[in-house]
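First residue of the sequence shown: 0, per numbering that gives the first Met the number 0; consecutive thereafter. Even glycine gets a Cβ: it sits at the ideal position worked out from N, Cα and C. Computed from a predicted structure; not experimentally measured. Structure first, commentary second.
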Amino acid sequence: MRATLKSSPRHYAKIWALTTLKVGPGDVLHSFELKHFDCACASSKIFQFFKHSQSSHMLPLSIIRRVQFISRHFSSSPHLVTVPIRISKPTKKSCIEYLRNCKSMEQLKRIQSQIFRIGLEGDRDIINKLMAFCADLSLGNLRYAEKIFDYVQDPSLFVYNVMVKMYAKRGLLRKVLLLFQQLREDQLWPDNFTYPFVLKAIGCLRDVGQGEKLHGFVVKTGMNLDNYVCNSLMDMYSELGNVENAKKLFDEMTTRDSVSWNVMISGYVGCRRFEDAINTFREMQQEGNEKPDEATVVSTLSACTALKNLELGDEIHNYVRKELGFTPRIDNALLDMYAKCGCLNISRNIFDEMPMKNVICWTSMISGYINCGDLREARDLFDKSPVRDVVLWTAMINGYVQFHHFDDAVALFREMQIQKVKPDKFTVVTLLTGCAQLGALEQGKWIHGYLDENRITIDVVVGTALIEMYSKCGCVDKSLEIFYELEDKDTASWTSIICGLAMNGKTSEALRLFSEMELVGAKPDDITFIGVLSACSHGGLVEEGRRFFNSMKKVYRIEPKVEHYGCVVDLLGRAGLLDEAEELIQEISIENCEIVVSLYGALLSACRIHNNVDMGERLAKKLVNIEPCDSSIHALLANIYASADRWEDAKKVRRKMKELGVKKMPGCSSIEVDGIVHEFLVGDPSHPETIEIRSMLNRVSRQLLGLKESQLMSFDNDTQHCNFVES
0 MRATLKSSPR
10 HYAKIWALTT
20 LKVGPGDVLH
30 SFELKHFDCA
40 CASSKIFQFF
50 KHSQSSHMLP
60 LSIIRRVQFI
70 SRHFSSSPHL
80 VTVPIRISKP
90 TKKSCIEYLR
100 NCKSMEQLKR
110 IQSQIFRIGL
120 EGDRDIINKL
130 MAFCADLSLG
140 NLRYAEKIFD
150 YVQDPSLFVY
160 NVMVKMYAKR
170 GLLRKVLLLF
180 QQLREDQLWP
190 DNFTYPFVLK
200 AIGCLRDVGQ
210 GEKLHGFVVK
220 TGMNLDNYVC
230 NSLMDMYSEL
240 GNVENAKKLF
250 DEMTTRDSVS
260 WNVMISGYVG
270 CRRFEDAINT
280 FREMQQEGNE
290 KPDEATVVST
300 LSACTALKNL
310 ELGDEIHNYV
320 RKELGFTPRI
330 DNALLDMYAK
340 CGCLNISRNI
350 FDEMPMKNVI
360 CWTSMISGYI
370 NCGDLREARD
380 LFDKSPVRDV
390 VLWTAMINGY
400 VQFHHFDDAV
410 ALFREMQIQK
420 VKPDKFTVVT
430 LLTGCAQLGA
440 LEQGKWIHGY
450 LDENRITIDV
460 VVGTALIEMY
470 SKCGCVDKSL
480 EIFYELEDKD
490 TASWTSIICG
500 LAMNGKTSEA
510 LRLFSEMELV
520 GAKPDDITFI
530 GVLSACSHGG
540 LVEEGRRFFN
550 SMKKVYRIEP
560 KVEHYGCVVD
570 LLGRAGLLDE
580 AEELIQEISI
590 ENCEIVVSLY
600 GALLSACRIH
610 NNVDMGERLA
620 KKLVNIEPCD
630 SSIHALLANI
640 YASADRWEDA
650 KKVRRKMKEL
660 GVKKMPGCSS
670 IEVDGIVHEF
680 LVGDPSHPET
690 IEIRSMLNRV
700 SRQLLGLKES
710 QLMSFDNDTQ
720 HCNFVES
């Protein structure tokens with residue numbers, strides 16, 4: 000542009016128009032082709048001229064704003080011109096039509112240049128069409144929509160709603176709330192399109208205060224009578240864990256659609272109130288106004304899976320077969336239910352008949368085999384899976400860890416790395432859990448090193464797993480180091496370190512950390528108190544144990560479970576307060592025999608320690624009547640008799656065990672040597688290095704017992720039994 004700009008508003012407009020138009024002979028407009036490069040360069044120069052010109056005040060405001068917008072938003076995109084748009088007579092109607100048929104952002108920007116040329120940039124219908132296109136997830140552009148939104152004076156509710164939807168769909172939840180606040184400041188009234196997205200954002204952010212505040216505003220404006228808004232309120236409360244408020248809204252609804260029922264059922268499932276979910280499903284069937292749809296079926300099947308309710312699961316399966324029809328989501332839910340309920344044949348039939356198998360169904364089927372202990376079939380299916388994501392890899396690794404095939408778990412983890420599948424924190428937590436169970440310290444250190452080398456953030460979930468692993472491997476100082484390095488500590492991380500300290504006999508440190516936990520406002524749960532009571536038991540702190548047990552019930556409103564009673568019984572038993580321990584058990588009105596056996600079993604062990612033969616004999620007879628085949632009861636009673644030198648009675652108990660066919664479960668232990676975990680069972684000589692182990696045991700035994708050289712331990716290679724031989 001070499002033309003000298005004169006101080007004439009009309010001349011400015013003419014020059015600006017020429018930068019956007021391609022004219023034919025005689026200045027007669029045959030067609031126009033919008034070129035962003037020319038337009039951007041020219042508008043940028045004009046804008047700079049306006050900025051420094053003393054006569055810029057003479058320009059119409061609309062022209063200045065158009066030039067400013069083009070200069071800001073088109074100058075960075077000179078390459079976007081691909082297809083010319085030709086319109087003989089640009090009008091509002093033709094622009095709207097072209098916006099309706101627009102297929103790309105490039106076309107949208109060229110159409111918008113035309114809109115500026117004819118002065119329709121402030122037209123509400125045009126702006127609505129522009130925003131609607133930008134909101135499209137596949138074609139639109141959030142940043143461009145934000146630029147248009149910032150340019151528009153006094154945005155309408157429609158424009159606000161489009162922006163709210165865009166932010167919500169892209170997970171920008173804080174921006175949803177900020178935009179909603181701005182909407183209210185602009186004195187606009189939200190409608191039934193605005194509220195659902197805002198309520199969903201509040202639910203996902205777990206912002207209880209904001210949710211209750213917005214609920215009050217909804218009621219004030221009368222929008223709570225709208226089904227769409229009421230369903231969203233129910234969903235928000237379910238996300239916040241307050242399913243009672245959701246149920247109250249549900250009961251107050253005059254008309255319920257299928258979404259209302261689905262939100263209520265899924266809300267119960269999300270809060271793990273599975274019985275209530277099934278009861279709501281039954282109520283829906285009885286009312287009969289709405290038929291269960293795909294969402295209803297999937298949520299209810301989740302409840303059936305959790306409760307192992309095969310009867311209702313079969314009923315829903317028949318309903319789907321006869322009326323609703325199968326979908327990939329329903330197939331996955333049915334497959335998962337049957338697999339987790341142990342009906343692998345049915346789940347495999349569903350799996351084999353599925354026309355399209357996604358990674359979810361492969362994972363469900365493999366997890367089903369793992370849960371039933373069939374690792375071979377699970378691995379075979381894993382190897383056949385065409386697509387393996389991190390969830391599938393983690394499921395297979397977890398299967399190996401679950402059944403103590405730790406070497407296979409580590410090997411699969413290494414194969415996962417070779418296949419360039421990036422493990423997530425759940426993969427790492429699974430492996431660390433396996434290390435903790437087996438006491439595999441070296442393997443645990445290797446995984447910890449892997450996290451550091453690959454710069455994987457140690458968040459509260461991974462940190463808690465590391466604390467547990469180091470604690471169970473006896474490295475209390477390392478677990479404390481990791482605990483104090485965690486920026487965000489939740490109940491699980493506090494509980495893990497308290498239980499770890501208690502397990503390693505660090506009673507005072509465990510109780511000190513519990514006090515610190517209370518001071519910072521972290522809320523202990525039932526597992527935390529297991530650690531605290533266990534610490535009191537190991538430290539012999541009877542009064543402190545009683546105090547914590549009472550505060551658990553009265554202060555924190557946590558109902559004691561069998562584990563808590565077991566800790567208290569153990570605490571009293573170790574202190575010799577056997578009568579008080581027995582009274583505590585008698586106060587518990589529990590019908591479950593297994594629980595009674597475990598508590599009396601702990602007291603029976605205390606009877607052996609304190610040589611209380613009378614109580615031990617009485618308790619053992621009571622327990623034998625409940626569980627006649629429990630080997631631990633017979634073994635404890637025999638040991639009590641032996642401690643009191645009542646050898647004949649001890650022999651009678653052993654003979655009775657043989658008569659009843661009761662066998663004591665063999666003990667099992669494991670040890671890690673050079674990163675390899677070795678597992679041993681009592682009486683099992685199958686370890687490949689058994690001879691060397693026995694030889695070392697012989698040598699160590701002689702040194703410990705001070706045996707003479709004439710006393711030897713010979714190992715019979717043929718029978719693989721140990722015999723003491725006197726020479």
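For residue j and residue i, believed in contact at Cβ under 8 angstroms, the rounded distance
{"i": "V427", "j": "V461", "result": "6 angstroms"}
{"i": "V401", "j": "I369", "result": "Before going on, a small fix: residue 401 reads as Gln here, not Val. Contact flag correct, Cβ pair sits at about 7 angstroms."}
{"i": "I359", "j": "A394", "result": "Contact flag wrong, Cβ pair sits at about 11 angstroms."}
{"i": "I264", "j": "S298", "result": "5 angstroms"}
{"i": "G312", "j": "K339", "result": "Rounded, the Cβ-Cβ distance is 10 angstroms, inconsistent with contact."}
{"i": "L540", "j": "Y564", "result": "17 angstroms between Cβ atoms; not a contact."}
{"i": "N453", "j": "T429", "result": "So it is not a contact: roughly 16 angstroms between Cβ atoms."}
{"i": "R573", "j": "S536", "result": "6 angstroms"}
{"i": "A435", "j": "K471", "result": "4 angstroms"}
{"i": "L182", "j": "F132", "result": "Their Cβ separation, rounded to whole angstroms, is 21 angstroms, which puts L182 and F132 out of contact at 8 angstroms."}
{"i": "P327", "j": "M283", "result": "That belief does not hold up - the Cβ atoms of P327 and M283 are roughly 23 angstroms apart, past 8 angstroms."}
{"i": "V242", "j": "R272", "result": "7 angstroms"}
{"i": "G538", "j": "N503", "result": "About 12 angstroms; that fails the 8 angstroms criterion."}
{"i": "T304", "j": "M336", "result": "4 angstroms"}
Contacting residues, own chain, Cβ-Cβ under 7 angstroms from residue i (five flanking each side not counted)
{"i": "L703", "result": "none"}
{"i": "C371", "result": "G341, L343"}
{"i": "E211", "result": "none"}
{"i": "R169", "result": "L141"}
{"i": "L334", "result": "S346, I349, F350, C360, S363, M364"}
{"i": "F528", "result": "F547, M551, I557, H563"}
{"i": "D489", "result": "V459"}
{"i": "A200", "result": "A167, L172, V175, L176"}
{"i": "G544", "result": "L532, C535, S536, V567, L570"}
{"i": "A750", "result": "With the chain covering only 0 through 726, there is no way to say anything about residue 750."}
{"i": "R123", "result": "S155"}
Under 9 angstroms between C-beta atoms of residue i and residue j
{"i": "F412", "j": "A439", "result": "no"}
{"i": "A302", "j": "V268", "result": "yes"}
{"i": "Y194", "j": "L213", "result": "yes"}
{"i": "L510", "j": "C566", "result": "no"}
{"i": "Y469", "j": "I457", "result": "no"}
{"i": "E486", "j": "S478", "result": "no"}
{"i": "E517", "j": "P523", "result": "yes"}
{"i": "I125", "j": "I95", "result": "yes"}
{"i": "F216", "j": "K164", "result": "no"}
{"i": "L300", "j": "A332", "result": "yes"}
{"i": "P422", "j": "W392", "result": "yes"}
Contact set for residue i: own chain, Cβ-Cβ below 6 angstroms, skip 5 residues either direction
{"i": "D234", "result": "V262"}
{"i": "Y399", "result": "D407, A408"}
{"i": "T463", "result": "A491, S492, S495"}
{"i": "A501", "result": "A509, G530, S533, A534"}
{"i": "L571", "result": "E579, A580"}
{"i": "N244", "result": "Y236"}
{"i": "Q285", "result": "none"}
8 angstroms CB neighbourhood of residue i in its chain, flanking five on each side removed
{"i": "Y599", "result": "I584, L618, K621, L622"}
{"i": "F148", "result": "M130, P154, V158, M162"}
{"i": "M252", "result": "N226, C229, S259"}
{"i": "G287", "result": "none"}
{"i": "L577", "result": "L571, L602, A605, C606, H609, N611, M614"}
{"i": "D256", "result": "N226, N230, E289"}
Checklist entry - Are there three or more Cβ pairs, one per stretch, closer than 8 angstroms when the stretch 178-189 is compared with the stretch 202-209? => result No: fewer than three Cβ pairs fall under 8 angstroms.
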